[in-house]
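S.K.: In the numbering used here, the protein residues as written are 820 to 1462.
All C-beta atoms in this analysis are idealised placements derived from N, C-alpha and C, irrespective of residue type, glycine included.
Bear in mind that the values here come from a model prediction, so they are computed numbers and not experimental data.
Got a structure for you, written out below as structure tokens; questions coming shortly.
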Ligand code: F3S
């Protein structure tokens, strides 16, 4: 059998199941990562599982999302995660050290390892040839507790790259080009594997930009081979010992193939409000820009920021533009400070903010009313930047820097000669922001400040569920729509009762009151329900509000897992047209759920208000059925770590 990169790694790490596409398998997890926004829940879950020692080779708890400390809440969360990391044997990355994915790529990622992270952009590690999957926090807690992860043996989409990038065109333009071709649903159900001569034209950080935004394609993850370029990257990071070659077999089997000539790609932008609403930069004329934000886990590498510094050197940021730059890691910031590039950015008029997610997660730097904001980030959903009326355009660092000078969206190739960035032979690596766990951890306790509240736990599934349709949603509802995330709400990531007041806040006012008044109920969704981030809160908060089931045309993968993990049953219409037969406040009953789940039958949904019934399907494995029956993964997993 001719094996792809993914199947080679899966074969190496396989613990149970047959490695045949569509089968559920369990694999050994080598590494995990968490960020603070999802991490508080992960460590609360780990606590409640009664775990003594984690079973992964390496786990890291990063603080990069909620770094503003305008009240005690975020600091409480940081302290809680720090104490949990010490107790369980996890490396802790202090706030200010950088963005989890950029840091993980630099410091810990290993070709051909399996990494599970509680962040949807965990696939960034695919740039190093690591199988890096974003998942719900509970999956990550279980991976740490038990050392394994369940998934379906995936379909593989091969993207074969040929040719060379033209000057001023970079990795961000490549992934925007792919998003234009394939859309935000183009990768659903697939792992994307890159191959071809064009791969040799891309550095590890270029590759990581591309795999990072594979999340926006809806792909489970994306991965590049591990080759001499990977070896060179690890050597410069002082980690050559972590290198391994990894190539797909010649003529490996793929489920789908796409060919892209890199020389066809021009500077691109994703227009509001979706990463696949892509156009050529030069097609958009006279777009005056108010804010330019450079950074995020997509584009904050040393090379990205050095390119920006070279473009800005000796120039001036346009008087009407606020340029904010957040480096990916403290090491990058330090190196740019030492080599003078930081001075060039400051002299040009850039605002330098700490090495963290920052504006990407709405942690400050919300643009003004009706602003046009150019961002090198990966998402431009409405309101994510913190200003509902702002329009966000996603661009490459080159386009962002040149536009910041001109004051309008500009094709960077009009700027002159492209700057060359020399990569240092050896990166300066300082570990002072990392806290390694102590050897003797026997008597350590976790520290829980007043902002840490217990999380909701479901009861066992009943065979019949009744309730009203509390909300009917359109296609492509994001986890940002379900559980908004902004600077005001982020401090409450470990306080579900407070957070619940904002559930579906971008769609409807006071949803929590509707849910409370009706004693919970159902949500009806369109296609790709729950796309976007891995935000577990988008399931935990609805659970707290008594949501019993979500019935949709289709689900985004991670969100469907999160619903199952919370014990909320996700069901799809057998006939999608039946979506039209439901309205808000219709009274529903799901019948004979257990029998249907046990025997792989359709589930009958009665709309009592309209006196009709329709058929629904549960799309999940036997293990997921067991999880639902237990009322969620936590109840199911509590006994697993006793093995
Ligand atoms: Fe952070 Fe934004 Fe990436 S929130 S992890 S920089 S998508």
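1. On the DSSP letters alone, give me the boundaries of the beta strand (DSSP E) that residue 1127 sits inside.
2. Using a 10 Å radius around the Cβ and a threshold of 16 neighbouring Cβ atoms, would you call residue 837 buried or exposed?
3. Hey, would you say residue 953 sits closer than 8 Å to residue 1296, going by beta carbons?
4. Using only the alpha-carbon positions, how far apart do residue 1331 and residue 951 sit?
5. Residue 998 and residue 923: beta carbons closer than 8 Å?
6. Please report the residue range of the beta strand (DSSP E) in which residue 1078 lies.
7. Roughly how far, in whole angstroms, is the beta-carbon of residue 1203 from the beta-carbon of residue 1094, given that I think they are within contact range, below 8 Å?
8. Check whether the Cβ atoms of residue 1277 and residue 1149 lie closer than 8 Å to each other.
9. Taking the beta carbon of residue 1208 as the centre, do at least 16 other beta carbons fall within 10 Å, making it buried, or is it exposed?
10. Could you check whether the Cβ of residue 854 sits closer than 7 Å to any heavy atom belonging to the ligand F3S?
11. Between 900, 1293, 1160, 1445, which lies nearest to residue 880 when the distance is taken from Cα to Cα?
12. Could you tell me whether the Cβ atoms of residue 864 and residue 960 are closer together than 8 Å?
13. Can you say whether residue 1063 is buried or exposed, counting buried as having 16 or more other CB atoms within 10 angstroms of its CB?
14. Any chance the region 977 to 986 sits against the region 1075 to 1091, with 3 or more Cβ pairs inside 8 Å?
15. Figure out for me which residue from 1355, 1345, 1315, 1363 has the closest Cα to the Cα of residue 1335.
16. Excluding the 5 residues preceding and the 5 following residue 928 in the sequence, name in chain order all residues of the same chain whose CB lies nearer than 6 Å to its CB.
17. In chain order, which continuous runs of the beta strand (DSSP E) of length 3 or greater are located wholly inside the region 1188 to 1217?
18. What residues in its chain sit with their C-beta under 6 Å from that of residue 1214, if we drop five residues either side in the sequence?
19. How about residue 1197: is its Cβ closer than 7 Å to a heavy atom in the ligand F3S?
20. Using 7 Å as the cut-off, classify the Cβ of residue 1261 as near or not near the heavy atoms of the ligand SAM, replying yes or no.
21. Report the option in 1009, 1259, 1372 whose CA atom is closest to the CA atom of residue 1433.
22. Output the distance between the C-alpha atoms of residue 821 and residue 1073, rounded to the nearest integer angstrom.
23. Assuming residue 1437 and residue 1422 are in contact, meaning their beta carbons sit under 8 Å apart, how far apart are those beta carbons, in whole angstroms?
24. Does the distance from the C-beta atom of residue 1180 to that of residue 1055 stay below 8 Å?
25. Hey, out of 1049, 1145, 1324, 1224, whose CA is closest to residue 1120's CA?
26. Kindly list the residues whose CB is nearer than 6 Å to the CB of residue 1414, restricted to its own chain and excluding five residues on each side of it in sequence; keep chain order.
27. Below 8 Å on the Cβ atoms is my contact criterion, and I expect residue 1188 with residue 1206 to pass it. Report the Cβ-Cβ distance as a whole number of Å.
28. Give me the Cα-Cα distance between residue 1406 and residue 1370, rounded to the nearest whole angstrom.
29. The ligand F3S and residue 896: does the residue's C-beta get closer than 7 Å to at least one heavy atom of that ligand?
30. Sort out for me which residues DSSP pairs residue 1287 with in a bridge.
31. Determine the direct distance from the alpha carbon of residue 1314 to that of residue 894, and round the result to whole angstroms.
32. Using a Cβ-Cβ cut-off of 7 Å (strictly less than) and excluding sequence neighbours within five positions of residue 1319, which residues of its own chain qualify?
33. What would DSSP say about residue 949, mapped onto helix, strand or coil?
34. Is the Cβ-Cβ distance between residue 1136 and residue 1227 less than 8 Å?
35. Starting from residue 1354, follow its DSSP beta bridges and name the residues at the other end.
36. Which residues mark the beginning and the end of the alpha helix (DSSP H) in which residue 902 is found?
M.R.: According to the structure data:
1. Not the beta strand (DSSP E): residue 1127 falls in the alpha helix (DSSP H), residues 1121 to 1131.
2. exposed
3. no
4. 35 Å
5. no
6. 1075 to 1080
7. That pair is no contact at about 11 Å.
8. no
9. exposed
10. yes
11. 900
12. yes
13. exposed
14. yes
15. 1363
16. 944, 947, 949
17. 1191 to 1194, 1210 to 1213
18. 1088, 1193
19. yes
20. Of the ligands this structure carries, namely the ligand F3S, none is the ligand SAM.
21. 1372
22. 9 Å
23. 7 Å
24. no
25. 1145
26. none
27. 7 Å
28. 14 Å
29. no
30. 1340, 1406
31. 14 Å
32. 1331, 1360, 1363, 1364
33. coil
34. no
35. DSSP output for residue 1354 lists no bridge partner at all.
36. 891 to 907
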